Every structure is written in structure tokens, then in C-alpha cells.
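Quick notes on the structure that follows.
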Amino acid sequence: MAPNVSYHCPCLSDSTVPPPPHHLSSSSSFHPLHELFFCEECDAIRCNTCVSVEVSGYYCPNCLFEVPSASVRAEKNRRVLPYLCARNCFLCPCCRNTLSVVPSDPPETDDGRTLPVSAVGEPPFFLYCNYCRWDSAEVDITFEKPTGLAGTCTAQLQKFEDSAPDSLEFERLKEHFEPFLLRAGATSSLNPTTSAHSHHHVNPVTAAASSALARDIPGVAKYTPAQSTSGRRSKGARDEMPEYKARVDASSSKGAGLGGEPDVEFMRRLETVSEVASLEQRWSSSWAVSLRLSDIKPLRMPLHSRKSKRCPSCRHILIKPEQKAQSVRYKIKLVAANYIPAITVSMPAVAERRATLNGQATASAAEASLIQAGRSYPFHLALTNPLYDPVQVRLQVQRQLPAGAPRGADDEGTEKARRPPFAVTLPNTAFPIAAFAEAWEYEDDEDMLDDDEFGPERGAREKDARKNKTVGVLERRANVTIVGGEVLIGKDARGELKFNMLVSYTYRSDDPLAEDDVKATPSRRNVPEMKTFSFCTIVSLGTIVPREESRSVNVDL
Amino acid sequence: MSTVPVTPRHARQPSASVHVATPASRVPSGSMVHASPHYQTTRRHSLYGTEDRVVIDPGSRIWKVGFSGEGRPRDVFLVDSLWGLSRAAEIADREEEDRLLEIYVRAQLRSVFHDILLTDPKSRKVILVEHPLLPVYVKDTFARVLFGNMQVPSISFAPSHLLSLLSVGRITGLVLDCGNLESTALPIFSARPLFPQLRTTPLAGARLTAHLRALLLLFGTYLPPPTSLSGSASIPAATRSTRVPQEVLTDAVIEDIKTRCCFVGDPLDASADMQILGTPSEDPMDLDLPPSERAPSESDFSRVSHDLDSTAASSGFSVVSRSQVGLARNESHLEALANMYKRHSTATDLQLKVTPPATQQTGTGLGTLVIPGWVRERGAEVLFEGGDIDETSVAETILDSLLKVPVDLRRTLACSILITGGTAMLPGFIQRLHSELLRAIASSASSAGRPPMRPDRPRPPAYDRYAVLRPLVPHLAVLNNPSPPPPTGTRGNAQTGKAPAFAPATMPWVGGSLAGSLKTGGVELSREKWDEAAEEERQSAREDASEDMQRRVIRNVLPDWTRMPLPSGAPPVTRAPAPVHIPETAAVGA
Ligand SMILES: [Zn+2]
Ligand SMILES: [Zn+2]
Ligand SMILES: [Zn+2]
Ligand SMILES: [Zn+2]
Numbered sequence: 001m002a003p004n005v006s007y008h009c010p011c012l013s014d015s016t017v018p019p020p021p022h023h024l025s026s027s028s029s030f031h032p033l034h035e036l037f038f039c040e041e042c043d044a045i046r047c048n049t050c051v052s053v054e055v056s057g058y059y060c061p062n063c064l065f066e067v068p069s070a071s072v073r074a075e076k077n078r079r080v081l082p083y084l085c086a087r088n089c090f091l092c093p094c095c096r097n098t099l100s101v102v103p104s105d106p107p108e109t110d111d112g113r114t115l116p117v118s119a120v121g122e123p124p125f126f127l128y129c130n131y132c133r134w135d136s137a138e139v140d141i142t143f144e145k146p147t148g149l150a151g152t153c154t155a156q157l158q159k160f161e162d163s164a165p166d167s168l169e170f171e172r173l174k175e176h177f178e179p180f181l182l183r184a185g186a187t188s189s190l191n192p193t194t195s196a197h198s199h200h201h202v203n204p205v206t207a208a209a210s211s212a213l214a215r216d217i218p219g220v221a222k223y224t225p226a227q228s229t230s231g232r233r234s235k236g237a238r239d240e241m242p243e244y245k246a247r248v249d250a251s252s253s254k255g256a257g258l259g260g261e262p263d264v265e266f267m268r269r270l271e272t273v274s275e276v277a278s279l280e281q282r283w284s285s286s287w288a289v290s291l292r293l294s295d296i297k298p299l300r301m302p303l304h305s306r307k308s309k310r311c312p313s314c315r316h317i318l319i320k321p322e323q324k325a326q327s328v329r330y331k332i333k334l335v336a337a338n339y340i341p342a343i344t345v346s347m348p349a350v351a352e353r354r355a356t357l358n359g360q361a362t363a364s365a366a367e368a369s370l371i372q373a374g375r376s377y378p379f380h381l382a383l384t385n386p387l388y389d390p391v392q393v394r395l396q397v398q399r400q401l402p403a404g405a406p407r408g409a410d411d412e413g414t415e416k417a418r419r420p421p422f423a424v425t426l427p428n429t430a431f432p433i434a435a436f437a438e439a440w441e442y443e444d445d446e447d448m449l450d451d452d453e454f455g456p457e458r459g460a461r462e463k464d465a466r467k468n469k470t471v472g473v474l475e476r477r478a479n480v481t482i483v484g485g486e487v488l489i490g491k492d493a494r495g496e497l498k499f500n501m502l503v504s505y506t507y508r509s510d511d512p513l514a515e516d517d518v519k520a521t522p523s524r525r526n527v528p529e530m531k532t533f534s535f536c537t538i539v540s541l542g543t544i545v546p547r548e549e550s551r552s553v554n555v556d557l
Numbered sequence: 001m002s003t004v005p006v007t008p009r010h011a012r013q014p015s016a017s018v019h020v021a022t023p024a025s026r027v028p029s030g031s032m033v034h035a036s037p038h039y040q041t042t043r044r045h046s047l048y049g050t051e052d053r054v055v056i057d058p059g060s061r062i063w064k065v066g067f068s069g070e071g072r073p074r075d076v077f078l079v080d081s082l083w084g085l086s087r088a089a090e091i092a093d094r095e096e097e098d099r100l101l102e103i104y105v106r107a108q109l110r111s112v113f114h115d116i117l118l119t120d121p122k123s124r125k126v127i128l129v130e131h132p133l134l135p136v137y138v139k140d141t142f143a144r145v146l147f148g149n150m151q152v153p154s155i156s157f158a159p160s161h162l163l164s165l166l167s168v169g170r171i172t173g174l175v176l177d178c179g180n181l182e183s184t185a186l187p188i189f190s191a192r193p194l195f196p197q198l199r200t201t202p203l204a205g206a207r208l209t210a211h212l213r214a215l216l217l218l219f220g221t222y223l224p225p226p227t228s229l230s231g232s233a234s235i236p237a238a239t240r241s242t243r244v245p246q247e248v249l250t251d252a253v254i255e256d257i258k259t260r261c262c263f264v265g266d267p268l269d270a271s272a273d274m275q276i277l278g279t280p281s282e283d284p285m286d287l288d289l290p291p292s293e294r295a296p297s298e299s300d301f302s303r304v305s306h307d308l309d310s311t312a313a314s315s316g317f318s319v320v321s322r323s324q325v326g327l328a329r330n331e332s333h334l335e336a337l338a339n340m341y342k343r344h345s346t347a348t349d350l351q352l353k354v355t356p357p358a359t360q361q362t363g364t365g366l367g368t369l370v371i372p373g374w375v376r377e378r379g380a381e382v383l384f385e386g387g388d389i390d391e392t393s394v395a396e397t398i399l400d401s402l403l404k405v406p407v408d409l410r411r412t413l414a415c416s417i418l419i420t421g422g423t424a425m426l427p428g429f430i431q432r433l434h435s436e437l438l439r440a441i442a443s444s445a446s447s448a449g450r451p452p453m454r455p456d457r458p459r460p461p462a463y464d465r466y467a468v469l470r471p472l473v474p475h476l477a478v479l480n481n482p483s484p485p486p487p488t489g490t491r492g493n494a495q496t497g498k499a500p501a502f503a504p505a506t507m508p509w510v511g512g513s514l515a516g517s518l519k520t521g522g523v524e525l526s527r528e529k530w531d532e533a534a535e536e537e538r539q540s541a542r543e544d545a546s547e548d549m550q551r552r553v554i555r556n557v558l559p560d561w562t563r564m565p566l567p568s569g570a571p572p573v574t575r576a577p578a579p580v581h582i583p584e585t586a587a588v589g590a
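And the structure:
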């Protein structure tokens with residue numbers, strides 16, 4: 001993988017220190033810069049796993065039809081298939097690809113003569129999967145017209161759904177429990193779970209339980225408080241629930257679809273696996289469902305939602321899409337890339353070698369051998385300033401221990417294991433990055449270098465650069481500064497070459513050009529304030545090739 | 001330096017859009033959500049009334065999610081195995097384990113709300129279906145993510161076994177959940193789970209998966225794809241066939257076989273075999289296959305060879321008809337077993353197309369895995385093998401629980417047994433389990449002379465384990481047995497098969513949906529309460545800065561039957577989450 005830099009989001013965690021890079025949990029704590037948001041109110045990075053998400057609308061991903069919330073609400077009482085496209089969009093029940101409406105083949109006669117065909121094709125029309133070739137005629141769903149399936153297929157499915165045995169049974173169960181719970185609710189003073197603010201949220205099932213337990217329950221009685229009285233125990237204890245008569249019970253139709261005898265026989269005689277519907281095709285049903293593939297129905301297209309994202313801490317909107325399905329634009333978008341420097345990393349030596357290798361047809365083995373144990377490599381970090389102000393940046397490597405080093409044990413082996421397998425050197429002084437400006441302002445790059453914004457620091461920086469050509473500021477142009485670093489890889493090192501890097505940048509928060517800020521905070525008009533913002537990154541340079549392997553590869557080359 | 005919060009100004013964004021942003025007032029996190037104007041807005045625009053709760057049944061392998069008031073979940077999906085039966089020993093490793101669990105649970109829950117249910121978590125109360133043995137740290141993780149990251153207003157933890165009973169219109173019954181990691185029997189009386197009587201066994205889905213894998217490695221056949229060069233289509237399949245390479249049996253392939261090819265046959269007519277094997281008192285089906293966690297013990301070998309000798313002598317033991325050599329010593333007892341199972345199976349062999357192992361890229365296209373019919377039919381025998389005190393059979397687990405309940409509840413519970421869980425979806429499973437219950441009660445007397453399982457273990461006392469349950473046999477009813485045995489004529493037994501035809505795997509979810517729509521369902525924990533507890537925890541962590549306190553403390557506000565006194569002044573239960581199920585002979589029947 002090419003070298004890259006990802007950014008840490010602490011996700012409101014108390015600890016802002018990211019996990020060590022070799023931990024599995026590390027990778028989900030870091031994100032590419034373009035996926036991150038920035039909350040101005042909290043002055044903090046936010047990511048997709050911590051922002052709060054709100055639904056601001058629904059649309060069909062296939063036909064892009066907008067579903068107005070009013071019509072969705074209208075379905076509330078019917079409780080049938082909301083969130084599904086009500087138009088002609090269906091999914092294949094086998095592979096979940098979108099189904100197309102296709103006409104029947106032109107009727108062919110045995111003598112090869114074809115009858116004249118209308119422009120839209122011949123009825124009956126059916127739904128067809130271009131991917132797995134499933135078609136709805138197999139399950140007897142066909143249409144007379146290719147359009148307005150909402151009036152036909154959906155109606156067919158709708159009817160099927162309305163009379164779905166699980167829904168009917170469910171309603172019956174509700175009717176069964178409701179009167180019982182009402183009665184139980186009346187005696188809910190016994191309810192032990194009643195809490196201060198939930199006097200009308202008593203848990204009726206628990207209430208029922210406790211009222212039942214208030215009677216004498218043999219064996220449990222000794223645990224129950226004083227209400228216990230002598231009970232009737234002739235046929236064993238019973239609860240007060242009347243018997244429920246199922247609408248359709250498990251053993252009706254001999255248990256077909258619930259693993260009963262017919263299913264066992266079907267399985268016993270099975271000739272090919274493909275006759276059985278896969279679990280995915282059956283399991284979202286809560287009811288007895290046929291094992292046979294030939295019994296499955298097309299699925300209506302689930303709607304997608306349009307999402308707004310807010311800061312989880314202060315509730316400010318971070319991103320808000322426009323209300324049109326076709327639009328990919330956003331009304332509001334506070335992306336982190338507008339606030340914190342973009343950092344790219346490259347390894348010139350490796351890149352050169354990759355370039356020369358590209359000519360030859362050497363395969364992945366050579367590619368993999370680019371970073372070898374026991375050597376040192378320079379690398380470049382290019383930092384781009386998105387702000388209208390120049391910034392001073394300081395980089396630090398986060399101290400780290402290798403994985404699995406047991407605590408407390410200090411024999412030589414573990415001492416060795418605890419030593420990091422590589423050492424990273426970064427410029428140890430702060431360095432400047434010029435302000436972002438429109439392109440025409442950069443006619444003379446030399447001017448930018450002469451800009452003495454951060455004068456006092458500059459001498460030190462140049463001395464530093466002279467001392468070591470690898471480590472330090474290498475180049476400054478426009479709002480980009482390239483600094484060099486170096487990594488020394490231990491002889492026995494192996495695995496991923498990556499490290500956590502803390503980035504701090506200081507900027508002048510008061511700038512006369514920033515009219516908005518001036519308006520917002522007039523009192524700070526003439527007080528130059530320096531503000532520092534820090535964030536963590538992980539720098540991945542590539543995979544280290546252990547020494548033995550790299551030697552053999554060298555011979556090959 | 002000033003401490004006034006100032007933000008770096010962005011450059012590229014047109015400034016207008018920024019100022020469209022929200023008013024500057026900060027909503028304090030936590031308790032104020034109900035008062036915030038935003039809450040009102042989402043309420044108005046939400047698809048349903050917000051009173052419909054989100055019902056989540058998060059298994060260790062399969063999740064079911066949807067809205068209360070609906071008869072089926074909106075989605076059912078597989079997740080990576082999220083937690084197992086054991087945890088890492090090192091604190092540092094466990095911390096990483098916790099982090100990974102939280103990351104994974106967070107990703108799943110966010111996807112549930114944002115991609116599947118398309119609803120705003122801040123306005124949805126949540127019913128979490130809770131399996132009684134769900135580790136407390138997992139529960140804590142769910143609560144932390146739901147309250148902290150998703151900011152849901154409340155969570156109700158509802159016992160899965162009780163919810164299953166609701167889905168069949170009852171509040172009393174003995175519920176067995178045959179899931180992935182464990183099978184768990186829990187008696188419930190009048191909506192109250194009798195947790196001290198809970199019994200569990202590791203004979204469940206994961207064990208069946210491991211067992212199937214072993215059977216297929218030993219007895220399956222693999223045909224590599226034909227090589228295009230040699231025109232090998234003419235080579236007969238028999239000579240191309242090889243043992244099944246391990247790489248072919250991926251988790252997905254095994255799962256597919258388990259859910260699409262397997263079923264459960266009738267009880268073995270063991271008496272005939274026992275005569276042949278000459279070990280009338282011993283269950284010959286005890287398997288100890290590689291790769292299983294337990295190394296075969298010496299006694300296993302001796303028993304195996306005993307089986308083998310007698311089988312070979314009397315029935316002309318024939319090696320499985322495949323060009324296979326070099327069966328290891330412990331495999332020979334499996335050959336005997338295979339022969340016996342074969343005699344008891346009429347299921348067809350099946351062929352499944354599989355991806356060839358990467359190391360065998362000789363041919364083109366897919367390889368073929370031949371699954372013997374008897375493996376399809378008898379693979380699940382592993383769940384019905386009893387006699388081991390550490391791993392009771394699924395039927396014994398039910399009966400052991402029944403033995404534990406107060407005497408006067410036994411009959412009521414015996415006639416309202418409910419079987420739930422994903423593994424119970426195997427065709428034939430429930431009716432087989434029903435027969436096994438009857439058989440175990442009937443045969444506990446005859447097995448009194450059972451020899452010891454291991455030489456190093458004491459011989460179990462000669463007692464008639466289920467004698468006290470024998471009078472209950474005519475009343476026994478498995479509510480959701482799809483193919484009930486002939487009725488015995490009692491009122492209790494008449495309930496067999498009379499439960500509504502909900503699928504066993506979905507019953508807890510359906511019950512959760514029902515509980516939600518009836519505005520009930522378990523102890524409700526509000527976010528205010530959680531946040532308060534979190535604040536207290538932070539305070540105490542600050543005061544006591546020792547390393548242990550820095551670690552995540554499981555919050556006391558979480559309802560947890562393993563350490564909370566039950567409602568109605570029931571006795572506090574010991575903290576041990578998995579009660580030991582050593583038969584307490586003295587107590588039983590007293
Ligand atoms: Zn985050
Ligand atoms: Zn559509
Ligand atoms: Zn398809
Ligand atoms: Zn914020």
C-alpha cells in the first residue's frame with residue numbers, strides 16, 4: 001500500500017491519546033482527512049462514528065422518487081411496508097439485485113413463425129433478474145402492462161402482506177394480552193419496579209407477575225413478602241393468563257415450514273442443494289416459511305434516507321444535504337480539511353525504486369521488498385495550510401511499545417521485545433506554512449520564503465536544515481511546506497512500518513482581514529492572540545521485509 | 001495565552017453556508033434532550049410515532065432488528081462472532097478486546113439505526129433482547145454505545161426467554177433457547193424468570209458447526225475441478241476423488257451446509273445397535289472428533305476399540321467405500337460410528353460446488369464437495385448425546401431445569417415447554433427433542449448401571465435420575481412441536497403443537513415487539529440515570545487514581561439478574577453467571 005496519513009478522532013472519549021498503531025483497534029480510530037468534520041463551536045474534530053445522524057428525507061435509490069413524509073405517515077395506521085418504494089422498484093429475492101420489467105418472448109410457434117409484436121413487447125410482463133436470471137413468472141407473478149406495477153404487483157404483494165399470517169397473529173396476541181395487562185395495571189401498586197417518574201409507565205407484565213406471586217406460589221412463597229395466603233394447589237400452580245388460541249398453530253399443515261414432517265421428508269429426498277432457499281432468503285420472516293426456493297417472492301426496494309449530521313456535543317449542524325434526491329450538494333458542510341493542515345507522506349527512495357521497477361515486469365515480490373529491515377530511509381511530509389493565516393507547526397512522534405509486551409516481566413527477552421523495532425526522527429523545531437490565498441498571489445515564491453512572519457524561529461530552522469539534509473524543512477512553496485524525516489529500521493523488525501504522530505499548529509486567531517471574527521469579537525480587535533490546536537495522526541510508510549527474505553530478493557534482482 | 005475558544009477560520013468554504021448553522025446555544029448533553037426544540041422537530045417528521053420502539057435481538061452471530069408493533073423484524077443479518085465463552089487473560093489484552101467489541105458494536109448499532117431502520121436514535125426508546133448468559137461486559141458495551149454514542153432516551157433489557165413466551169401468548173412456561181454458543185433452559189412462572197433454576201449446556205449451534213466440519217473432513221469427498229489439459233472429463237469421478245481439503249470448508253460453506261442441507265432424523269433405534277456393539281448400557285454415539293477442544297482421553301480410545309472389535313466381529317466391518325488410507329487410530333471408532341449412522345439414514349448424498357483451495361490451482365472452475373446423506377441427517381446427533389455431566393444433552397438440560405423447580409410448578413411447566421433459537425430451526429429438531437425428553441425420562445432407570453465415563457472419575461451413583469418426572473410424562477407438551485406424537489389425552493399434553501406458527505429463531509424478537517407495543521417489557525433504564533452513574537463513576541475515578549479505577553467500571557445502574565435482587569423480594573442470586581449443573585441427587589425428589 002502507498003504511504004499515507006490518517007487522522008485521529010477522539011470521539012468524545014476521555015482519553016485523547018489514540019491506541020498504539022499495532023493494535024487492531026487502531027485502524028478504526030483513524031480516518032482519512034476528507035471523511036472528517038470540524039465543529040467550530042467545540043473546536044474539535046468529529047468523525048462519522050461520533051456525529052449524531054438525523055434523517056431529513058427519504059428517496060428510492062432506484063427511481064430517485066422522493067417520499068414525502070406525509071405519505072409515509074399515512075401508512076402509519078396500516079403498518080404495512082413503509083420504507084419501501086411504492087413504485088415499480090423490486091429486488092431479486094435470490095441475489096438482491098434490482099429486477100427489470102421484461103416482456104414475454106414473442107410467442108413462437110413450432111413452425112418457427114413469430115407473431116407481430118407491439119412496441120412495448122408482449123404481455124404478460126414479468127420481473128427479471130439480469131444477474132441470476134430469476135424471474136417472477138416462476139412464482140406466478142406477471143402483469144398485463146409494463147408500467148404501473150404499483151397497481152398490480154404491489155397490490156398483489158400488498159394483499160399478501162396485509163393478510164400476512166404473522167401480522168394477523170400478532171394483532172391477535174395483542175388483543176389477548178391487552179385486557180390482562182389492564183387488569184394487572186390496576187393492581188400495579190404491587191409493582192416493585194415503579195420508579196419516581198414513571199408511575200404510568202409501570203411494567204404490566206412485571207405487575208402481573210407480582211400480583212400473581214402475591215398469591216401463594218408453592219416453593220416460591222417463602223421468598224414473597226407478607227401478602228402470601230394459602231393457595232389452591234390441586235393441579236399445580238397456574239398463572240392468571242387465559243389460554244391463548246393461536247390463529248394458525250405450529251402443527252397445522254403438519255408443521256410444514258417449521259421443520260415438521262413434510263420438511264424433514266423434503267430434506268431427506270433432496271437431490272440438489274439449489275432447491276433449498278438459502279437462509280438469507282428465508283430468515284427475515286418470523287413465520288413458518290417454506291424451505292423451497294420456488295416459493296420466494298420479489299422484494300420491494302427499501303428506501304434510502306438523506307442524512308444530516310450534527311456535532312454530538314453541541315448539536316451544531318456539520319453537514320446537511322439539499323432536499324433533492326438527484327442533488328449531491330450540501331447546504332452546510334463543515335469539513336475538517338478546511339480547518340486543519342492536509343498531510344501527505346512519501347518515501348523518495350522507495351518511490352524511485354518503484355519507478356525503475358515499473359519498467360521491468362517484476363511482480364509483487366519486488367514491490368514488497370521495497371522497505372527492508374536493518375536500513376534507514378528518509379521520508380517527506382508535505383503539509384498544506386488551508387487557513388488564510390500562516391501557521392507554525394510542530395511534529396512529535398508518539399512514544400510506543402510493541403504489541404504484547406507483558407507488564408512486570410523484565411528478563412532480557414521481554415526487554416528486547418519492548419524496544420520499538422524502528423526509530424523515527426522528525427524535525428524537532430516548529431516550522432512555518434504560509435497562508436492559503438488565491439492562486440494569483442503566488443507569482444513569486446521567493447517572496448513567500450522571505451516573509452519574516454516567524455522571524456525569530458527562522459535562524460534556528462536554517463541551522464537545523466544545514467546540519468542535516470534529510471531531517472528538517474526541505475521546501476516551502478505557496479501554502480505547502482515539505483519537511484524531511486528519517487526512519488531507522490531495526491535488524492529484526494518486521495510488520496507494518498507505522499507510527500502515531502502528534503501535530504500541533506499555532507495560528508494568530510486575530511486577523512484584521514477576518515471580518516466575521518471582528519464582528520463577533522470586537523474586543524479582541526487589536527490584541528494578537530496565538531492559538532494552538534493539536535491532533536493525532538498515524539503515518540503508514542509500508543510493510544517491512546524481514547532481512548532473510550529481502551536478501552534473497554536482492555539476489556534475484 | 002487566552003483561553004477564549006477560538007476556531008481557525010476555514011478558507012475554501014463560502015462563508016455564507018457556515019452561518020446558516022445552528023443557533024449558538026449549547027444543549028447540555030444528557031437530561032435536556034426532551035426539552036430541546038430539535039427533539040420536537042424529529043418527532044414531527046419521524047415515520048411512525050416515536051412511541052414505536054426499536055427492538056434489537058443481538059445474538060453473538062445473528063442480529064434481528066425492527067420496530068415494536070410489527071410482526072416480523074425489518075432485517076436479520078449475520079455479524080462476526082462478537083463474543084465467545086472466554087475472555088483474554090491479560091488485562092492489556094482484555095482492554096483491547098473491550099475496545100474492539102465497542103468499535104464493532106458501535107458500527108453495527110449505527111448501521112441499524114441509520115441504514116436499516118432509517119430512524120433517529122435520539123427519539124427512539126430501545127428494547128434490547130437479553131439472553132440470560134449475555135456477559136455483563138457485553139451488556140455494558142451496548143448500554144455505553146446506545147446512551148453515549150447514539151443518545152437513545154432509554155433502554156429496556158428484556159429477558160429473551162420471557163419474550164419468547166409472550167410471542168406464544170403465555171407468561172408461564174419452560175423455555176429452551178438453542179442458540180449458537182449455548183442451549184439454555186429457563187423456567188418462567190407468571191412472567192417471572194426463575195433464574196436460579198436456569199440450566200445450560202454448550203451443545204448448541206457452534207458445537208454443531210465444529211462437528212459438521214469434522215464429519216465432512218473425515219467422511220466427505222472432494223472432487224477437484226477437471227483439468228482442461230488432460231481432458232479429464234473422461235476420468236471417472238471415483239479416481240479423481242480425494243479427502244476434503246480443510247481450506248474448502250470455509251465458515252460460509254459450513255454455514256450453508258448447516259442451514260440448507262442438514263436436518264434431524266428420528267431417534268436411533270439404539271437397542272439393535274447396542275446388541276451388535278455388545279455395550280447395552282453405553283451410549284455409543286459419544287463423539288470426540290478432531291478438531292475438538294477436548295483431547296481424546298485414554299478411556300475414549302479403549303471404548304472405541306471395544307466398539308470397533310465387536311462391530312467388526314459381528315457385522316463384517318467394512319471400511320468406508322472410498323480410496324482412502326491411513327485413518328488415524330482415533331478415527332477408527334468414527335468409522336464404526338459412521339457405519340452405524342449410515343444404517344440409520346436414508347437421506348440422499350448431496351453435491352455442493354465449492355471454491356478449490358488456492359494451493360490446488362490445477363483445474364478450472366469449481367470443485368465439488370460430496371456430502372454423505374447420513375452426515376446431513378445424523379450430524380445433529382451430537383446435540384442429543386447425553387451422559388456427560390459437563391455437557392448434558394439438550395433434552396437433559398431441560399429435564400435438569402425441571403427437576404430444580406418447586407414441585408408444584410413442575411406439572412405446569414412440563415406442559416408448556418417452548419423451544420426457541422436458531423439451531424431449533426433445523427427441520428426435525430423440535431420433534432426429535434420431544435422424543436428425546438420422553439426417552440430420557442423413561443430410560444433414566446435403565447441407565448442406572450452406567451459405567452464411568454473416564455477411569456479417573458468416580459462412578460456416578462446409581463440412582464434413577466428422572467424418576468420424579470416420570471408421572472409427568474402424560475402431561476408433557478412441547479408447545480411448538482410442529483409434528484406432535486400421538487396425544488396422551490391429558491389437558492396439558494393437548495397443548496403440544498398449539499403455539500402460533502412463529503419461527504423458533506424469531507420468537508424472542510416477536511415477543512420484544514409485542515412487549516413494546518403493549519408498553520411493557522423489562523426494566524427500563526433512562527439515559528438520565530445512566531449519565532448520572534457515569535458522572536459518579538468519573539468522580540470516583542478522579543478521587544482514586546489507581547490504575548484499576550482507571551479501567552472501565554461496569555455501571556451499577558445496569559439491571560443484572562446475576563447481582564441484583566429480583567423484584568418482589570426474591571433472594572439475591574449469586575454472581576456466578578453460569579450455575580453449575582451437577583445433579584444434586586439428594587435435593588431432588590426430596
Ligand atoms: Zn469521532
Ligand atoms: Zn423506486
Ligand atoms: Zn437475482
Ligand atoms: Zn460541537
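For the protein sequence lines, the chains are A and B, in the order given. Sequential numbering of the first sequence, starting at 1, is according to UniProt numbering. Sequential numbering of the second sequence, starting at 1, is according to UniProt numbering. Where a beta carbon is used, it is the ideal one built from N, C-alpha and C, also for glycine. All values reported here derive from a predicted model rather than from experimental measurement.
Interface residue (Cβ-Cβ distance to chain A less than 7 Å): Asp80 of chain B is not classified as such. Residue-level contact by beta carbon fails for Asn493 of chain B and chain A, as no gap is shorter than 7 Å. For Gly259 of chain A, the chain B residues whose C-beta falls within less than 7 Å of its own C-beta are Met425, Leu426, Pro427, Gly428, Phe429, Ile430 and Pro482, listed in chain order.
Ile171 of chain B has a beta carbon lying within less than 7 Å of a beta carbon in chain A. Per DSSP, the continuous alpha helix (DSSP H) segment holding Pro262 of chain A begins and ends at Glu261 to Arg268. If you draw a straight line from the Cα of Leu395 of chain A to the Cα of Asn428 of chain A, it comes to about 7 Å. Look at Thr496 of chain B here: in three-state DSSP terms it is coil, with no helix or strand label. For Ser313 of chain A, the CB falls within less than 6 Å of some heavy atom of ligand 4. By a beta-carbon distance limit of 8 Å, Arg432 of chain B contacts Val264 of chain B. Their separation comes to about 5 Å. Taking Val53 of chain A as reference, the option from B:Lys122, B:Ile91, B:Ser60 and B:Leu82 with the minimal CA-CA separation is B:Lys122. Under a criterion of Cβ atoms nearer than 9 Å, no residue of chain B is adjacent to Asp492 of chain A; the nearest Cβ is some 22 Å distant. Close partners of Arg378 of chain B in chain A (Cβ separation under 9 Å) are lacking, with about 12 Å as the shortest Cβ gap.
With a cutoff of 7 Å on beta-carbon distance, Gly373 of chain B and Ala347 of chain B are scored as near each other.
Within a 10 Å sphere around the beta-carbon of Gly428 of chain B sit 16 or more other beta-carbons, which makes this residue buried. By the Cβ rule, the segment 136-146 of chain B does not count as touching the segment 378-394 of chain B, because fewer than three pairs are nearer than 8 Å. For Tyr341 of chain B, the secondary structure class from DSSP, reduced to helix, strand or coil, is helix. Look at the segment 85-153 of chain B and you find these whole runs of alpha helix (DSSP H), each 4 residues long or longer: 91-111 and 136-143. The C-beta of Ser286 of chain A comes closer than 7 Å to at least one C-beta of chain B.
Interface flag for Ser27 of chain A against chain B is unset, since no Cβ pair is found closer than 7 Å.
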